[in-house]
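Sequences listed follow chains G, B and R, in order.
Numbered according to this note's numbering, the first sequence spans residues 396 to 464.
Numbered according to this note's numbering, the second sequence spans residues 396 to 464.
Numbered according to this note's numbering, the third sequence spans residues 396 to 464.
No residue lacks a Cβ here, since even glycine has one placed at the ideal position from N, Cα and C.
Treat the numbers as computed from the prediction; the structure is a model and nothing was measured.
Note sheet for the following structure.
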Amino acid sequence: AQNAEDHFGQNQQIVVLGETLAATTQQVQQLQDSYYDILNANKVFVDEIMHLQKLIRAQFQVHNELINH
Amino acid sequence: AQNAEDHFGQNQQIVVLGETLAATTQQVQQLQDSYYDILNANKVFVDEIMHLQKLIRAQFQVHNELINH
Amino acid sequence: AQNAEDHFGQNQQIVVLGETLAATTQQVQQLQDSYYDILNANKVFVDEIMHLQKLIRAQFQVHNELINH
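Set out below in structure tokens:
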């Protein structure tokens, strides 16, 4: 009987571990998806920053023309 | 006796799994918090990039006025 | 015999839990590395945005000089 009780206790622990692990694995998968969202957002930042750099270079060119006329 | 030893071995494995899972779950929670930090940082980037775009548009307006005078 | 079968079943569950946990822990470690990559990318964004702010301030100075001459 003691052995059966121990066995039951171990089963319960295994069930709880399995449920906790399933929840953790799901949270990790959501974080993985969030990471891809961040990578996409960062690509937009890079594009926009490069666009701003280009505009500012164009403005320096305008300044040079204004100064030289 | 063999059965009791097996039982003890399983108990040890369950304890190690539980500890490893607790450490992993904690690391996942920290990553979740870090993800929120990144989301907040990205909001600041978006605001600042939009502010720079607005300033650059204002400067093109200044250029137009300088050129037309 | 029943007890030995139960024992075998539990062993299998423990093995599966261990393998799943190892895979999850590895994925968490990769996410941790990815998070450091994002932190480094964000430092570059901050530097570049501050550089753009500096350039735009310099251009407003040019404008003031052009307007006052």
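What is the rounded straight-line gap between the Cα of residue i and the Cα of residue j?
i: Lys-438(B); j: Gly-404(B); result: 51 Å
i: Leu-412(B); j: Gln-448(G); result: 52 Å
i: Glu-414(B); j: Asn-398(G); result: 24 Å
i: Leu-450(B); j: Gln-422(G); result: 41 Å
i: Glu-443(R); j: Ile-444(B); result: 11 Å
i: Gln-408(B); j: Val-441(R); result: 47 Å
i: His-458(R); j: Glu-460(B); result: 11 Å
i: Asn-406(R); j: Asp-432(B); result: 41 Å
i: Glu-400(R); j: Leu-416(G); result: 25 Å
i: Asp-428(B); j: Gln-456(R); result: 42 Å
i: His-402(B); j: Gln-424(G); result: 34 Å
i: His-464(R); j: Ala-436(B); result: 42 Å
i: Arg-452(G); j: Arg-452(R); result: 14 Å
Go ahead and label residue i buried or exposed: buried means 16 or more other beta carbons lie within 10 angstroms of its beta carbon, across all protein chains shown.
i: Gln-454(B); result: buried
i: Val-410(G); result: exposed
i: Asn-462(G); result: One detail in the question is off: residue 462(G) reads as Ile in this sequence, not Asn. Counting Cβ neighbours within 10 Å, Ile-462(G) comes out exposed, since fewer than 16 surround it.
i: His-446(B); result: exposed
Measure how close the beta-carbons of residue i and residue j come, nearest whole angstrom, since I'm counting them as under 8 Å.
i: Leu-434(G); j: Tyr-430(B); result: Their Cβ separation, rounded to whole angstroms, is 13 Å, which puts Leu-434(G) and Tyr-430(B) out of contact at 8 Å.
i: Thr-420(R); j: Thr-420(G); result: Between Thr-420(G) and Thr-420(R) the Cβ distance is about 10 Å, and since that is not below 8 Å, they are no contact.
For residue i, return the contacting residues in chain G, with the cut-off set at a CB-CB distance below 7 Å.
i: His-446(B); result: Here the premise fails: no neighbours, minimum Cβ distance about 11 Å.
i: Ala-436(R); result: Asn-437
Using a Cβ cut-off of 9 Å, pull out every chain R residue sitting near residue i, in sequence order please.
i: His-458(G); result: Gln-454, Val-457, His-458, Leu-461
Which residues of chain G have a Cβ atom closer than 8 Å to the Cβ of residue i, listed in chain order?
i: Gln-405(B); result: Gln-405
i: Gln-427(B); result: Gln-422, Leu-426
Listing by chain order, which chain R residues have their CB less than 8 Å from the CB of residue i?
i: Asn-398(G); result: Asn-398
Mind pulling the chain B residues with CB within less than 7 Å of residue i?
i: Glu-443(G); result: Ile-444
What residues of chain R sit near residue i, judged by a beta carbon separation below 7 Å?
i: His-402(G); result: Asp-401
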